[in-house]
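For the sequence shown, our numbering gives the first residue as 572, with consecutive numbering after it. Cβ atoms here follow ideal geometry from the backbone N, Cα and C, with glycine treated the same way. One structure is given here, and the rest of the page talks about it.
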Amino acid sequence: MAATRSSGQFVAHPDYLTHASEVTSRAPHPAPPGCGPSDQIHVSAAMPADSPPSRIATLKRQALRLDMLGAHQRAEPLFSQVVAIVEAHPGEGDFDLVEALNDRARCRFNGGQLGLAVEDYRRILQLLDPRDDGTLVAITMDQIHRCVEGARLRAATACLREPIALMIRCARTGRAVDETPGQSRLRTLARRLLARGRIDLGARLMQRWLDEASLRGMSLDAETLADLRSHALALLELHRPYAACEFFRSIVYVQLRQRSDDALSISGALRDWAGCLCATGQHRSARETLALAESIVGKV
Numbered sequence: 572m573a574a575t576r577s578s579g580q581f582v583a584h585p586d587y588l589t590h591a592s593e594v595t596s597r598a599p600h601p602a603p604p605g606c607g608p609s610d611q612i613h614v615s616a617a618m619p620a621d622s623p624p625s626r627i628a629t630l631k632r633q634a635l636r637l638d639m640l641g642a643h644q645r646a647e648p649l650f651s652q653v654v655a656i657v658e659a660h661p662g663e664g665d666f667d668l669v670e671a672l673n674d675r676a677r678c679r680f681n682g683g684q685l686g687l688a689v690e691d692y693r694r695i696l697q698l699l700d701p702r703d704d705g706t707l708v709a710i711t712m713d714q715i716h717r718c719v720e721g722a723r724l725r726a727a728t729a730c731l732r733e734p735i736a737l738m739i740r741c742a743r744t745g746r747a748v749d750e751t752p753g754q755s756r757l758r759t760l761a762r763r764l765l766a767r768g769r770i771d772l773g774a775r776l777m778q779r780w781l782d783e784a785s786l787r788g789m790s791l792d793a794e795t796l797a798d799l800r801s802h803a804l805a806l807l808e809l810h811r812p813y814a815a816c817e818f819f820r821s822i823v824y825v826q827l828r829q830r831s832d833d834a835l836s837i838s839g840a841l842r843d844w845a846g847c848l849c850a851t852g853q854h855r856s857a858r859e860t861l862a863l864a865e866s867i868v869g870k871v
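Structure, rendered in structure tokens:
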């Protein structure tokens, strides 16, 4: 939300992550009696650099730039300096305390300091006249409601953070869930064959194990998937792209079946698969798979 009372406008920004403030144009300071327009311009240009209007303009310009760049913690002290200068010179020049408070409230809102933003918005309500500034009062009340609602949602998310972290830790402690003794022996044999250099036979056994795991709906943790990826990369380095391609395809299917929330992991598996497809000459499928990987990353 941005307010410019000197220009008669008060603009609310619904998306606090992307909106930027508009710098309100200030009228030139009046020239002494007997001066013409050219003299007035000369007087404004000769205004001392440390005067309150000049200081406010400099601080506000720097603060707005930082706020638009997302450096809200660095911009907030500058907005606070502007508020302090305006409060120290009440009724002088073209200063507007409502505008200064609104700039700082917006910055605090963007930076997640919802409680402090509410304090600024409540001060704005005290300065506004409901009879003359009814629209501004309504907009300010809406901003206060958004701050309160955001704080409520943040508290609810904090309550769920620890149980979710516990679930993730429990998921990572196991290997392949519900793995039968036969499947465990099969995977162990496949890993031994791969370690001894019998790549083709070891890869076939590992692929068989992975297919059985997929058919039985077994849940594979991140460590197991990382092992499978290392086997696939080894096959690719040994110039066996077709066998590696089967591994990467299976890894992608497992992650999609498990509805993994790790978009970057899924995108990485798709990129690996696309590289194998390209190595086997399936360039069109490789391009489509790579485009899918990029689209997933773009939604993060």
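State the CB to CB distance for the pair A722 and L685, rounded to an integer number of angstroms; the pair is presumed to be in contact (CB under 8 angstroms).
5 angstroms
Do you know whose CA, among I695, L776, E720, lies nearest I710's CA?
Out of I695, L776, E720, I695 has the C-alpha closest to the C-alpha of I710.
For the candidate residues D713, T706, G705, R702, whose alpha-carbon lies nearest to that of Y692?
D713
By the 10 Å Cβ neighbour count, where 16 or more other Cβ atoms means buried, how is P661 classified, buried or exposed?
Per the 10 Å Cβ criterion, exposed.
Are the CB atoms of A546 and A840 nearer to each other than 7 angstroms?
Any property of residue 546 remains undetermined from this structure, which presents the chain solely from 572 to 871.
CB P812 to CB T860, shorter than 7 angstroms?
Not a contact, by the Cβ cut-off of 7 angstroms.
Going straight from the alpha carbon of F819 to that of A803, what length do you get?
7 angstroms
Could you give the distance in angstroms between the alpha-carbon of L799 and the alpha-carbon of A642?
41 angstroms
Which value, in whole angstroms, describes the spacing of the CA atoms of A646 and A634?
Each residue's CA atom was taken as its position, placing A646 and A634 some 5 angstroms apart.
Once DSSP output is grouped into helix, strand and coil, what is the label at L687?
helix
Helix, strand or coil for L791, going by three-state DSSP, please let me know.
strand
With DSSP as the reference, label L809 as helix, strand or coil.
Coil at L809, not helix or strand.
Which residues in the same chain as S821 place their Cβ atom closer than 6 angstroms to its Cβ, once the five residues preceding and following it in sequence are excluded?
Around S821, the same chain offers L781 as residues with beta carbons nearer than 6 angstroms, after the five sequence neighbours per side are excluded.
CB-CB under 8 angstroms to H716, same chain, minus the five flanking residues each way: which ones, in chain order?
Contacts found: none.
V657 versus A628: straight-line alpha-carbon distance, rounded:
12 angstroms
Grab the span of the alpha helix (DSSP H) containing G682 for me, first residue to last.
Counting along the chain, G682 falls outside any alpha helix (DSSP H), and DSSP gives it neither H nor E.
Minimum C-alpha distance to A774 - residue among G753, A793, S801:
S801
Beta-carbon spacing of Q644, L630 below 7 angstroms:
no
In whole angstroms, what is the alpha-carbon distance linking E783 and A761?
For E783 and A761, the gap between their C-alpha atoms comes out near 14 angstroms.
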